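Those protein sequence lines, which keep their order, are chains W and Z. With the working numbering, you'll find the first sequence wraps up at 167, consecutive numbering, no jumps. With the working numbering, you'll find the second sequence wraps up at 194, consecutive numbering, no jumps. Here's the structure we're looking at; comments come further down.
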Amino acid sequence: MISRNRILQVVLPLLRLAVGGIFVYAAWTKLRDPWTLFAISIDAYHVLPQWAVLMVARTLPWLELALGLVLISGFLRRLSTAGASALLTLFFALMVRAYVRGETIDCGCFGPGEAISPLTLLRDGALWGGAVFMAVMAWRRRAGQVGNLAHVAQQISETVETAPPRE
Amino acid sequence: MKLSLIFLLALAGLAAPPELDKAKAFGNPSAPLRIELFSDFQCPSCRQLHMQILPSLMHDYVLSGKAYLVYKEFPLSMHSHAKEAAAYACAAARVGKYEQVADALFQAQPTWSVNGQVFQAVATALTPAEQKKVQALAMDPTVMAEVQQDMQEGQMERVNQTPTMIIIRGGKKYPIGGTLAYDLLRRFLDDLSK
């Protein structure tokens, strides 16, 4: 029987690679076109003033690219998974808001021409769920490691206390 | 069934010669940018785009020879009078009055979309003689086929909302759906023109 830890050891890196890969792809679809095209997609959400729209359109694809590469590399795992979760939470919330308000706008997720639909919500929701799961596991593992270290330290101190004093 | 549909659409393509397409197009055909605008006369966002964005777009890009604008009909099934309006507009294109009728239809959209009196709006842009012609032409199967062909083109371009502008530069297509701020569209078109 395969243990839960064993499954996680396989699933988590695969999930990290998948989410990282999707971030890199999303960045590429935006960077290959003039950045003003992405600005139009952001503006359609009607949440930012135009100066902020322009700033986000210029920087977000690069942030996505960096985050994707860090996720794939496996470095800064807690930070990168938390960053991906935060970003996807924001994206997903904005998409749900637009959909609930009945706005027929471009998702802007992977370049232009993809309106927000139940399918895009399902896809981004799954992505968001995956990222949050990775972040939770990364932080829990860290907490577990800290817990284990504390346990080992306590055992050492107990051993030292109970050992007979040396002459 | 599918084959017969394809055959009918191909026939519609043959029935609508290129000069008819020109009646719904504006600017210099050899301009570096080509803008295909898929629109629905009954859609409020299309009205907004037509009345707020299009005049500036026409002035800054189409009339100055930077862009070639082609109107395409994309009446949505959820709009009960949209197809009829599209047929009248295409009929008006055959008497050289597409732009005027499009203006009239969008202007009076809040009225005819409720009472269904589409032709009343169309008539305001035409002389009595043109009205008769357009009324007759709107019943012409080739006009309906033209509307159908535009819709088919939109489906092939994966148009999933109206209005959708497909901006074409050097063979590359950039679809932009929904209404947008003109300033951002201008920046994008300027980026593409570089």
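All C-beta atoms in this analysis are idealised placements derived from N, C-alpha and C, irrespective of residue type, glycine included. It should be emphasised that the depicted structure is a prediction, and the values quoted were computed from it without experimental measurement.
Problem set entry | Within chain W, the residues that Y61/Z reaches when beta carbons sit closer than 9 Å | Neighbours of Y61/Z on chain W: none; closest Cβ ~15 Å, over 9 Å.
Exercise. Of the residues that make up the stretch 141-166 of chain Z, which ones have a beta carbon closer than 7 Å to any beta carbon in chain W?
Worked result: R158, N160 and Q161
Exercise. Which first and last residues belong to the alpha helix (DSSP H) in which L37/W is found?
Worked result: W35 to D43
Exercise. Which chain W residues are close to P175/Z, counting only those with a beta carbon under 7 Å from its beta carbon?
Worked result: P112 and G113
For this session: Would you check if the distance between the CB atom of A27/W and the CB atom of S85/W is smaller than 8 Å?
Result: no
For this session: Could you work out which residue in G21/W, V53/W, S117/W and D106/W is closest to A66/W when comparing CA atoms only?
Result: G21/W
Problem set entry | Beta-carbon separation (whole angstroms), K24/Z vs V70/Z, contact threshold 8 Å | 6 Å
Problem set entry | Span separating the alpha-carbon of Q105/W from that of F75/W | Checking the sequence shown, residue 105/W turns out to be Ile, not Gln. So the alpha carbons of these two residues sit roughly 36 Å apart.
Exercise. Got a sec? Which residues, its chain only, sit under 8 Å from F106/Z by beta carbon, not counting five neighbours each side?
Worked result: F41, C46, R47, H50 and M51
Problem set entry | Bridge partner(s) assigned by DSSP for L69/Z | F26/Z and I35/Z
Exercise. Straight-line CA distance for V11/W to I40/W?
Worked result: 37 Å
Problem set entry | Min CB distance P34/W to chain Z below 8 Å | yes
Exercise. Taking DSSP as the reference, what is the three-state secondary structure of P128/Z?
Worked result: helix
Exercise. Using a C-beta to C-beta distance shorter than 7 Å, which residues of chain Z count as neighbours of D182/W?
Worked result: Because chain W in this structure spans residues 1 to 167, residue 182/W falls outside the shown range and cannot be described.
For this session: Can you tell me which of V100/W, Q9/W, D33/W and L90/W puts its alpha carbon nearest to the alpha carbon of L127/W?
Result: L90/W
Exercise. From L189/Z to G102/W, what distance separates their C-alpha atoms?
Worked result: 28 Å
Exercise. Hey, out of P34/W, V19/W and F38/W, whose CA is closest to C107/W's CA?
Worked result: F38/W
Exercise. Name the chain W residues that come within less than 7 Å of D40/Z, Cβ to Cβ?
Worked result: Within 7 Å Cβ-Cβ: nothing; D40/Z doesn't reach chain W, min ~11 Å.
For this session: State the Cα-Cα distance for the pair T29/W and W139/W, rounded to the nearest angstrom.
Result: 31 Å
For this session: In the DSSP assignment, find the alpha helix (DSSP H) that holds K172/Z and state where it starts and stops.
Result: Run containing K172/Z: none in the alpha helix (DSSP H); it sits in the beta strand (DSSP E), K172 to G177.
For this session: Specify, as a first and last residue, the run of the alpha helix (DSSP H) that T29/W falls within.
Result: R4 to L31
Exercise. By the 10 Å Cβ neighbour count, where 16 or more other Cβ atoms means buried, how is L185/Z classified, buried or exposed?
Worked result: buried
Exercise. What are the start and end residues of the alpha helix (DSSP H) that includes T162/Z?
Worked result: It is not in any alpha helix (DSSP H) - T162/Z carries neither H nor E in the DSSP assignment.
Exercise. Comparing alpha-carbon positions, which option in A121/Z, K133/Z and V114/Z lies nearest A102/Z?
Worked result: A121/Z
Problem set entry | Closer than 7 Å at the beta carbon, the chain Z residues around A44/W | G178 and L180
For this session: Determine the contact status of Y174/Z and D43/W, defining contact as a CB-CB distance below 8 Å.
Result: no
Problem set entry | Through-space distance from Q161/Z to S64/Z, alpha-carbon basis | 29 Å
For this session: Measure the Cβ-Cβ separation of P61/W and I176/Z and say whether it is below 8 Å.
Result: no
Problem set entry | Residues of its chain near V132/W, where Cβ-Cβ distance is below 6 Å and the 5 sequence neighbours each way are ignored | S85
Exercise. Can you tell me whether DSSP reads L14/Z as helix, strand or coil?
Worked result: Confidence at L14/Z is low in this model, with a pLDDT of 44, below 50, so the placement of that residue should be treated as unreliable; the coordinate-derived value is given next. L14/Z falls in the helix class under three-state DSSP.
For this session: Enumerate in chain order the residues of its own chain whose CB-to-CB distance from I6/Z is below 7 Å, with the five nearest sequence positions on each side excluded.
Result: Here I6/Z scores only 48 on pLDDT, less than 50, and its place in the model is too uncertain to base an answer on.
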